[in-house]
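Asker: Take a look at the following structure, please.
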Amino acid sequence: MKFTRLVTVLLAIPMCTSVMAANENLTGTFKTIKNVTITEVAGVQMTGLYLASASTCTMTQPTVSVNFPGETVMKMSNATATLGPSTNYGVTPAGASCAGTNGVPGVYEIEGSEGADVTVTLTSGTTSGITFAPVGCVGDYDGSPDGDVCTAVANGGVGQQFTLAATGDQTVSAGNGVPVAGFSYLAIGGQATAGIGLAAATDYLIDFDISVTY
């Protein structure tokens, strides 16, 4: 008689009826960005506007080659430096309603978090019957030596983005303007228009808006 042995093998699979989990409250430290602020270094000065209503004077928009306060004032550094004011600094050409007496561009200091991108917006203002439409250029830094530019800023509430200086901007060629980490500078020209008849030999103060935001 032949015997056959049958062996039943039972595969044991551990079963888990609940999922093991651990919860722990963890703490992180977060530092907010520095406020961005703007301070007047030198106000816009324009002269020579005729007295009749609709008279206009235009001080040329500052750029790195025209009407520019210079890299020393603007604290920028570029390989082709314009250290002092350009030869046509503050130029205000004569016209049918403008005597052509040169003015002085405004300069404004912008401070925030170093290397941060900031947007600047220029908006016209009207005071005492005169409207001023500002235009300008703002120091735009690249985080490395001698690569800074002055980026044009238009009028009309159109924002222009630029970058504040960082530590890497501070190593500069001899004689250039010296950037300051966390800062930029804005130069302003623009057009003044008389909306009414004006008084002779009178100083008029005109409000206009410069907005800076992250």
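With mature numbering (1 follows the signal peptide of the UniProt record, and there is no 0) applied, the sequence shown corresponds to residues -21 to -1, 1 to 193, in that order.
Yeah, the Cβ is synthetic: ideal placement off N, Cα and C, and Gly gets one too.
Only a predicted model underlies this, so the values are computations on that prediction, with no experimental measurement involved.
1. Taking Pro41 as the reference, which of Asn2, Ile167, Gln149 and Ala78 has the closest Cα?
2. In its own chain, which residues sit with a C-beta less than 7 Å from the C-beta of Met81, not counting the 5 before and 5 after it?
3. Would you kindly check if the distance between the Cβ of Ala95 and the Cβ of Leu143 is under 8 Å?
4. Work out the CA separation of Thr59 and Thr152 for me, nearest whole Å.
5. Nearest-angstrom Cα distance between Val45 and Gly176?
6. Tell me the rounded alpha-carbon separation between Phe9 and Thr192.
7. Using CA coordinates, which residue listed in Gly147, Gln149 and Val132 is at the minimum distance from Phe141?
8. Which whole-angstrom value describes the C-beta separation of Pro84 and Val23, a residue pair presumed to lie in contact below a C-beta threshold of 8 Å?
9. Taking only three categories from DSSP, how would you classify Gly147?
10. Can you tell me whether DSSP reads Met53 as helix, strand or coil?
11. May I have the straight-line CA-CA distance separating Ala18 from Leu30, to the nearest angstrom?
12. Go ahead and pull the three-state DSSP assignment for Leu30.
13. Please report the straight-line C-alpha distance between Ser65 and Ser107, rounded to a whole angstrom.
14. For Cys77 and Thr35, I'd like the C-alpha separation in whole angstroms.
15. Can you list the alpha helix (DSSP H) stretches of 4 or more residues lying completely in the stretch 64 to 150, in chain order?
Answerer: In this structure, then:
1. Here residue 41 refers to the residue found at position 62 when the sequence shown is read from its first residue. Among Asn2, Ile167, Gln149 and Ala78, the Cα nearest to that of Pro41 belongs to Ile167.
2. The count along the sequence shown starts at 1 and reaches residue 81 at position 102. Note that residue 81 is Asn in the sequence shown, not Met. Around Asn81: Gly69, Val70 and Thr71.
3. In the sequence shown, the residue the question calls residue 143 occupies position 164. In the sequence shown, the residue the question calls residue 95 occupies position 116. Result yes, Cβ atoms of Leu143 and Ala95 sit closer than 8 Å.
4. Numbered from 1 along the sequence shown, position 173 holds the residue referred to as residue 152. Numbered from 1 along the sequence shown, position 80 holds the residue referred to as residue 59. For the record, residue 152 in the displayed sequence is Ser; it is not Thr. Ser152 and Thr59: Cα-Cα distance of roughly 10 Å.
5. Against the sequence shown, residue 45 aligns to sequence position 66. Against the sequence shown, residue 176 aligns to sequence position 197. Straight-line Cα distance between these residues: approximately 31 Å.
6. Stepping through the sequence shown from its first residue, residue 9 is reached at position 30. Stepping through the sequence shown from its first residue, residue 192 is reached at position 213. Rounded to whole angstroms, Phe9 to Thr192 spans 21 Å at the Cα level.
7. Counting from 1 along the sequence shown, the entry for residue 141 is found at position 162. When each option's Cα is compared against that of Phe141, the closest is Val132.
8. Position 105 of the sequence shown, counting from 1, holds the residue named residue 84. Position 44 of the sequence shown, counting from 1, holds the residue named residue 23. Their Cβ separation, rounded to whole angstroms, is 7 Å, which keeps Pro84 and Val23 in contact under 8 Å.
9. One-based indexing of the sequence shown puts residue 147 at position 168. The answer is helix: DSSP assigns Gly147 an H, G or I state.
10. As a position in the sequence shown, residue 53 is number 74, starting the count at 1. Helix at Met53.
11. Sequence index remark: in the sequence shown, residue 18 carries index 39 (1-based). Sequence index remark: in the sequence shown, residue 30 carries index 51 (1-based). Just to set this straight, residue 18 is Thr in the shown sequence, not Ala. Computed Cα separation, rounded: 31 Å.
12. Locating residue 30 in the sequence shown gives position 51, counting from the first residue. Three-state DSSP puts Leu30 in coil, outside helix and strand.
13. Here residue 65 refers to the residue found at position 86 of the sequence shown. Here residue 107 refers to the residue found at position 128 of the sequence shown. C-alpha separation (whole angstroms): 32 Å.
14. Taking the first residue of the sequence shown as 1, we reach residue 77 at position 98. Taking the first residue of the sequence shown as 1, we reach residue 35 at position 56. About 6 Å.
15. none
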